[in-house]
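One structure is given below, encoded as structure tokens.
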Amino acid sequence: MATVEKKSKKIAIIGAGFGGIAMAIELKKAGEDDFLILEKGGDVGGVWRDNTYPGCSCDVPSHLYSFSFDPYQKRTKRYEGQKGILSYLKQVVEKYKLKEHLRLNFEISKAKFHEDKNQWEISTKSESESNECIRADVIIFAVGQLHNPYTPDIAGMGGFMGDQFHSATWKHNVDLHDKHISVIGTGSSAAQMLPELAKVASELTISEMSTINLD
Numbered sequence: 074m075a076t077v078e079k080k081s082k083k084i085a086i087i088g089a090g091f092g093g094i095a096m097a098i099e100l101k102k103a104g105e106d107d108f109l110i111l112e113k114g115g116d117v118g119g120v121w122r123d124n125t126y127p128g129c130s131c132d133v134p135s136h137l138y139s140f141s142f143d144p145y146q147k148r149t150k151r152y153e154g155q156k157g158i159l160s161y162l163k164q165v166v167e168k169y170k171l172k173e174h175l176r177l178n179f180e181i182s183k184a185k186f187h188e189d190k191n192q193w194e195i196s197t198k199s200e201s202e203s204n205e206c207i208r209a210d211v212i213i214f215a216v217g218q219l220h221n222p223y224t225p226d227i228a229g230m231g232g233f234m235g236d237q238f239h240s241a242t243w244k245h246n247v248d249l250h251d252k253h254i255s256v257i258g259t260g261s262s263a264a265q266m267l268p269e270l271a272k273v274a275s276e277l278t279i280s281e282m283s284t285i286n287l288d
């Protein structure tokens with residue numbers, strides 16, 4: 074597999090979610106335009122791009138869940154849904170002209186610092202046959218903590234013949250109508266999706282590891 078050398082950039086931002094977008098805008102405000110935003114997904118948005126389960130929304134009031142320098146104006150409800158938040162982020166990217174700095178479908182495989190050149194060499198995985206090697210003076214990580222969903226190792230799950238998937242990788246092609254659905258976990262995602270699942274399921278079972286206060 075060929076490696077294509079890219080010209081050096083002063084700054085490389087890893088991740089195009091809220092953190093990466095905010096960092097890019099602040100760099101532009103400071104007069105710095107020599108940077109790239111490297112994003113492993115096919116679009117901006119981070120978890121708001123990936124999470125599309127029924128009822129997906131934010132548990133922070135919508136007037137607070139936006140950039141201070143560009144408040145969210147199209148509020149229609151107290152807690153904004155996934156589609157509204159993702160749309161807001163895309164509008165911000167467009168408004169601040171960040172598209173020219175974006176490199177999508179780039180998953181970082183390795184970052185090595187060369188002391189003799191005082192530069193980072195960033196190896197990326199791309200969907201093409203060629204890997205790209207990008208050099209940067211500074212790397213800013215804005216990858217967040219929620220992009221790798223955890224699936225517990227439950228005894229017997231290997232023999233389960235029905236559909237199974239994580240809420241963060243929702244399978245919209247699976248018809249849940251009149252199905253017995255089991256939801257494992259009672260966190261924020263579960264609290265949002267359960268009312269929606271209850272509308273279509275013939276039976277809904279909820280499992281939790283520890284008791285929580287539902288008052």
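Counting from 1 along the sequence shown, just add 73 to a position and that's the residue number in the numbering used here.
We put the beta carbon where it would ideally sit given N, CA and C, even for glycine.
To the nearest angstrom, how far is it from the Cα of residue i to the Cα of residue j?
i	j	result
T259	M266	10 Å
E276	S240	18 Å
V117	N178	10 Å
R176	A184	16 Å
A95	V165	9 Å
D123	V211	27 Å
L137	T197	35 Å
E188	E194	11 Å
G128	K190	50 Å
E281	I227	13 Å
I84	D251	52 Å
H245	L270	13 Å
L100	T149	31 Å
S283	Y145	36 Å
K102	F91	17 Å
T242	S130	15 Å
G229	E167	48 Å
Residue i bridges to which residues according to DSSP?
i	result
G115	The partner list for G115 (beta bridge, DSSP) is empty, contrary to what the question assumes.
F108	I84
S280	I257
In its own chain, which residues sit with a C-beta less than 7 Å from the C-beta of residue i, not counting the 5 before and 5 after it?
i	result
V247	D236
W121	Q155, I158, L159, L162
G297	Nothing about residue 297 can be reported from this structure: the residues present for the chain run from 74 to 288 only.
S268	The amino acid at residue 268 is misidentified as Ser; the sequence shows Pro. Contacts found: G128.
Going along the chain, which residues of its own chain have a beta-carbon closer than 8 Å to the beta-carbon of residue i, five neighbours each way excluded?
i	result
A97	I86, F108, I110, Y169, L171, H174
A263	S240, V256, I279
I181	I87, L111, K113, I195, S196, T197, K198
P225	I257
Q192	S81, F186, R208, A209, D210
I254	L270, A274, E276, L277, T278
How should residue i be labelled, buried or exposed, when 16 other C-beta atoms within 10 angstroms of its C-beta is the threshold for buried?
i	result
I279	exposed
F142	exposed
I207	buried
G50	Any answer about residue 50 is impossible in this case: the structure gives the chain only from 74 up to 288.
E153	buried
G104	exposed
A238	Checking the displayed sequence, the identity of residue 238 turns out to be Phe instead of Ala. The residue in question, F238, is exposed, as its Cβ has fewer than 16 Cβ neighbours within 10 Å.
Y223	exposed
To which residues of the same chain is residue i closer than 6 Å at the C-beta, ignoring the five residues directly before and after it?
i	result
A89	I110, E112, V117
L249	V273
S261	D132
R151	P134
G93	I86, I110, A215
L219	V120
I213	I86, M96
Could you tell me whether the Cβ of residue i comes closer than 8 Å to any Cβ of chain B?
i	result
A209	No chain B is part of this structure, which consists of one protein chain only.
- Let me know the alpha helix (DSSP H) ranges lying completely inside the region 189 to 275, each 4 residues or longer, listed in chain order. 261 to 271
- Sequence ranges, alpha helix (DSSP H) only - wholly within the region 121 to 195, length at least 4: 155 to 168
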